[in-house]
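In this text, residue positions in the sequence shown follow the working numbering: the first is 120, and each later residue adds one. Backbone N, C-alpha and C fix where the C-beta goes; we use that ideal spot for every residue, glycine too. These numbers come from a predicted model, not from an experiment. One structure below.
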Amino acid sequence: MLTGKTPILILKEGTEREKGREAQYNNIRAAIAIADAVRSTMGPKGMDKMLVDSMGDVVITNDGVTILKEIDVEHPAAKMLVEVAKAQDQECGDGTTTAVVLAGELLKYAQDLIDQNIHPTLIADGYRLASKKAIEILEKNALEVKPDDEQLLKKMAETSMTGKVAASNKEMLADIAYKAVKAIVEEVDGVMRVDLDNIKVEKKQGGSVEDTELVEGVILDKERVHPDMPRVVENAKILLLNAPLEVRKTEVDAQIRITDPEQLQKFLEGEEQMIRDMVDKIKASGANVVICQKGIDDLAQYYLAKAGIFAVRRVKKSDMEKLARATGAKILSGLEEIKESDLGEAGRVEERKIGDDKMTFITGCKNAKAVSILVRGGTEHVVDEIERGLHDALSVIAVAIEDGKMTSGGGSAAMEIALGLRDYAATVGGREQLAIEAFANAIEVVPRALATNAGLDPIDILIKLRQAHKEGKKYHGVDVYSGEIKDMKEAFVIEPLRVGVQAIKSATEAAIMILRIDDVIAAREMEKGKGGGAGGPEGPEGGEF
Numbered sequence: 120m121l122t123g124k125t126p127i128l129i130l131k132e133g134t135e136r137e138k139g140r141e142a143q144y145n146n147i148r149a150a151i152a153i154a155d156a157v158r159s160t161m162g163p164k165g166m167d168k169m170l171v172d173s174m175g176d177v178v179i180t181n182d183g184v185t186i187l188k189e190i191d192v193e194h195p196a197a198k199m200l201v202e203v204a205k206a207q208d209q210e211c212g213d214g215t216t217t218a219v220v221l222a223g224e225l226l227k228y229a230q231d232l233i234d235q236n237i238h239p240t241l242i243a244d245g246y247r248l249a250s251k252k253a254i255e256i257l258e259k260n261a262l263e264v265k266p267d268d269e270q271l272l273k274k275m276a277e278t279s280m281t282g283k284v285a286a287s288n289k290e291m292l293a294d295i296a297y298k299a300v301k302a303i304v305e306e307v308d309g310v311m312r313v314d315l316d317n318i319k320v321e322k323k324q325g326g327s328v329e330d331t332e333l334v335e336g337v338i339l340d341k342e343r344v345h346p347d348m349p350r351v352v353e354n355a356k357i358l359l360l361n362a363p364l365e366v367r368k369t370e371v372d373a374q375i376r377i378t379d380p381e382q383l384q385k386f387l388e389g390e391e392q393m394i395r396d397m398v399d400k401i402k403a404s405g406a407n408v409v410i411c412q413k414g415i416d417d418l419a420q421y422y423l424a425k426a427g428i429f430a431v432r433r434v435k436k437s438d439m440e441k442l443a444r445a446t447g448a449k450i451l452s453g454l455e456e457i458k459e460s461d462l463g464e465a466g467r468v469e470e471r472k473i474g475d476d477k478m479t480f481i482t483g484c485k486n487a488k489a490v491s492i493l494v495r496g497g498t499e500h501v502v503d504e505i506e507r508g509l510h511d512a513l514s515v516i517a518v519a520i521e522d523g524k525m526t527s528g529g530g531s532a533a534m535e536i537a538l539g540l541r542d543y544a545a546t547v548g549g550r551e552q553l554a555i556e557a558f559a560n561a562i563e564v565v566p567r568a569l570a571t572n573a574g575l576d577p578i579d580i581l582i583k584l585r586q587a588h589k590e591g592k593k594y595h596g597v598d599v600y601s602g603e604i605k606d607m608k609e610a611f612v613i614e615p616l617r618v619g620v621q622a623i624k625s626a627t628e629a630a631i632m633i634l635r636i637d638d639v640i641a642a643r644e645m646e647k648g649k650g651g652g653a654g655g656p657e658g659p660e661g662g663e664f
């Protein structure tokens with residue numbers, strides 16, 4: 120914009136601006152690139168990615184959200200797809216790759232519609248209608264699952280681990296996941312609630328995956344503070360303490376002036392007596408195990424060992440809370456009024472050597488409402504990937520117990536949605552109809568990607584699936600092992616309803632948000648200050664318009 124031949128600078132020099140269709144295409148291309156990065160990891164035959172960061176640390180995984188978290192994404196539209204994966208992971212723990220790939224596919228079909236001069240707002244409206252209808256179809260075809268249906272819940276956990284490193288031991292890990300979730304499930308006002316924070320997953324390299332075990336109690340990555348303390352305590356009475364077992368320091372700055380050696384001796388004796396009193400109080404309460412969130416003085420360690428008390432120090436707050444739930448102990452912030460009722464109980468507390476490290480196992484807790492899983496594996500990368508597989512398994516069991524609904528996998532639910540949407544599109548009419556049909560084509564990416572990753576012909580598979588679903592075989596999906604289509608419900612390829620619903624919701628919302636952007640203004644200088652390049656796509660130089 121020029122006034123009297125003098126350019127008016129509205130934006131900072133070096134700001135890049137891109138608008139109109141080119142900005143839309145740029146954003147869509149960036150989002151599709153992110154979706155393509157994880158597409159090959161989908162399904163039982165999906166491949167893994169090796170990610171190396173700037174420090175040289177290596178991560179090997181095919182978990183969608185882990186891949187996207189590890190990649191240093193620069194483009195703002197691509198970052199939105201990373202957020203989709205994170206939201207899916209927080210909500211369901213599984214289906215992250217599906218959500219991202221679906222968002223990418225929705226944008227790919229939207230680009231074709233923009234080329235046909237259909238306004239992005241109309242496409243967004245069509246996608247919203249399609250998303251609503253898709254969730255409706257999904258819920259209508261959902262199957263019931265009961266909290267005590269062990270076989271179904273375990274099969275669901277196995278489905279979530281298929282294609283990961285954990286798949287070779289999926290039966291054993293699914294069993295561990297089921298028992299762990301079952302131990303912590305609570306009924307609140309007739310509704311099932313599962314808080315996965317009450318399951319502690321502790322990783323230790325060494326041994327093999329078969330050595331992974333469930334502990335009905337808590338594992339602490341800590342050792343006893345003094346070698347003279349007992350290594351094993353049976354019928355443990357546990358004191359949880361959120362206060363240091365040390366000489367109390369003053370809250371304000373203070374000086375103590377000692378003028379002769381006798382005063383020093385009395386002062387030291389006084390300090391020693393304070394610590395001895397603390398240990399006497401603990402001993403009098405009947406506690407034989409002390410778990411302390413703060414420090415334990417050397418002298419206190421000596422007296423505790425002398426009294427035959429097992430002690431651990433500097434335990435994390437989250438672990439203290441798990442211990443309280445597992446043992447029934449109260450977390451005390453002082454030793455003033457210890458009552459026997461404040462102590463927790465455990466059948467056994469022992470220090471074990473796992474690999475190179477010593478760990479404390481608090482086991483045999485009655486009605487433990489917090490449990491631990493010790494994950495083992497040959498290398499650090501295996502242990503990390505087993506933990507990610509276990510996270511998915513725990514999450515899907517928790518979600519299925521909370522909702523009590525599941526859907527069939529293998530692309531069968533996606534095909535049923537596509538079929539329903541095509542019928543629905545005809546009833547809507549107008550230009551939104553084209554967007555709804557585009558949504559139906561986009562959601563078919565699930566069986567298409569499963570077939571492609573398994574080396575099958577995706578077109579043949581889609582034709583067979585469409586035929587089967589038109590004949591009313593609504594649970595038929597891709598069997599990647601035989602290369603045929605079969606009933607996924609009978610094959611126990613199942614997943615919680617919430618995984619599919621959340622994937623559709625978050626993918627649609629992200630796609631609509633990216634579609635509605637027609638102007639990208641990127642402040643290059645700000646990004647340089649952070650040590651990066653431009654935050655947005657390449658655009659015209661200068662900041663005048």
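For residue i, the first and last residue of its enclosing beta strand (DSSP E)
| i | result |
| --- | --- |
| A430 | F429 to V431 |
| N527 | Residue 527 is actually Ser in this sequence, not Asn. Run containing S527: K524 to S527, per the beta strand (DSSP E) assignment. |
| E321 | I318 to Q324 |
| R343 | First-last for R343: undefined, no H or E at that position. |
| G619 | Here G619 belongs to no beta strand (DSSP E); instead the alpha helix (DSSP H) covers L616 to L634. |
| T479 | D476 to T482 |
| T278 | Per DSSP, T278 belongs to no beta strand (DSSP E); it is in the alpha helix (DSSP H), E269 to M280. |
Rounded separation between residue i and residue j - CA only
| i | j | result |
| --- | --- | --- |
| A229 | A557 | 7 Å |
| L221 | A626 | 6 Å |
| D470 | A154 | Per the sequence shown, the amino acid found at residue 470 is Glu instead of Asp. Going from the Cα of E470 to the Cα of A154 covers about 47 Å. |
| K400 | A419 | 12 Å |
| E329 | K624 | 38 Å |
| G474 | R433 | 21 Å |
| K273 | E290 | 8 Å |
| E521 | P615 | 10 Å |
| S601 | L575 | 10 Å |
| N407 | E321 | 25 Å |
| L262 | E563 | 21 Å |
| E590 | L538 | 11 Å |
| V518 | S404 | 42 Å |
| R312 | A302 | 12 Å |
| E455 | Y422 | 18 Å |
| G453 | Q392 | 17 Å |
| V254 | Y246 | A small fix is needed here, since residue 254 is Ile in this sequence, not Val. If you take the alpha carbons of I254 and Y246, they lie about 12 Å apart. |
| N145 | T331 | 47 Å |
| T216 | E141 | 27 Å |
| E390 | V398 | 13 Å |
8 Å contact criterion, which residue i and residue j should meet: CB distance rounded
| i | j | result |
| --- | --- | --- |
| A426 | V337 | With a Cβ gap of about 23 Å, A426 and V337 do not count as contacting. |
| L292 | L493 | At roughly 12 Å, the Cβ-Cβ gap does not stay under 8 Å, so L292 and L493 are not in contact. |
| D416 | E365 | 4 Å |
| A430 | V344 | 5 Å |
| P266 | V304 | 7 Å |
| L553 | I237 | 6 Å |
| T482 | R495 | Not quite, the Cβ-Cβ distance comes to about 17 Å (not below 8 Å), so this is no contact. |
| E499 | Q621 | Not quite, the Cβ-Cβ distance comes to about 31 Å (not below 8 Å), so this is no contact. |
| R158 | A573 | 13 Å between Cβ atoms; not a contact. |
| K257 | G619 | The question names Lys, but residue 257 in the sequence shown is Leu. The Cβ separation is near 5 Å, so the contact holds. |
| I428 | V409 | 6 Å |
| L226 | A152 | Actually they are not in contact, since the Cβ atoms of L226 and A152 sit about 11 Å apart, beyond 8 Å. |
7 Å Cβ shell around residue i - same chain, five flanking residues per side excluded
| i | result |
| --- | --- |
| T571 | P577 |
| A629 | M199, L200, V203 and A222 |
| A512 | A276, S279, M280, L292, A293 and A296 |
| A299 | I318, L333, V490, I492 and L513 |
| P566 | G530, A533, M534, I580, L581, L584, G596 and V597 |
| A465 | G336, A355, I357, T446, I481, T482, G483 and C484 |
| G139 | D637 |
| I516 | L272, M275, A276, A296, Y297 and V300 |
Bounding residues of the alpha helix (DSSP H) (the contiguous stretch that carries residue i)
| i | result |
| --- | --- |
| A465 | Counting along the chain, A465 falls outside any alpha helix (DSSP H), though it belongs to the beta strand (DSSP E) covering G463 to I473. |
| E255 | P239 to K259 |
| G183 | G183 to E189 |
Cβ shell of residue i (< 6 Å), same chain only, five flanking positions each side left out
| i | result |
| --- | --- |
| K477 | E342 and E470 |
| A249 | L540, I555 and F558 |
| V192 | K198 and V201 |
| Q412 | N361, V434 and M439 |
| L187 | V201 and A204 |
| Y594 | S527, S531, D606, M607 and K608 |
Cutoff 8 Å; reference residue i; Cβ partners in own chain excluding five residues on either side
| i | result |
| --- | --- |
| E353 | G466 and R467 |
| P239 | Q143, A229, I233, L634, R635 and D637 |
query: Mind pulling the beta strand (DSSP E) runs of 3 or more residues that sit fully within the region 411 to 450?
result: 429 to 431
field: Whole runs of the beta strand (DSSP E) within the region 490 to 570, excluding any shorter than 3 residues
entry: 490 to 496 and 524 to 527
- request: Tell me the start and end of each unbroken alpha helix (DSSP H) in the region 567 to 592 that is at least 4 residues and wholly inside, in chain order.
  value: Scanning the region 567 to 592 from its first residue to its last, the whole alpha helix (DSSP H) runs of 4-plus residues come out as 577 to 589.
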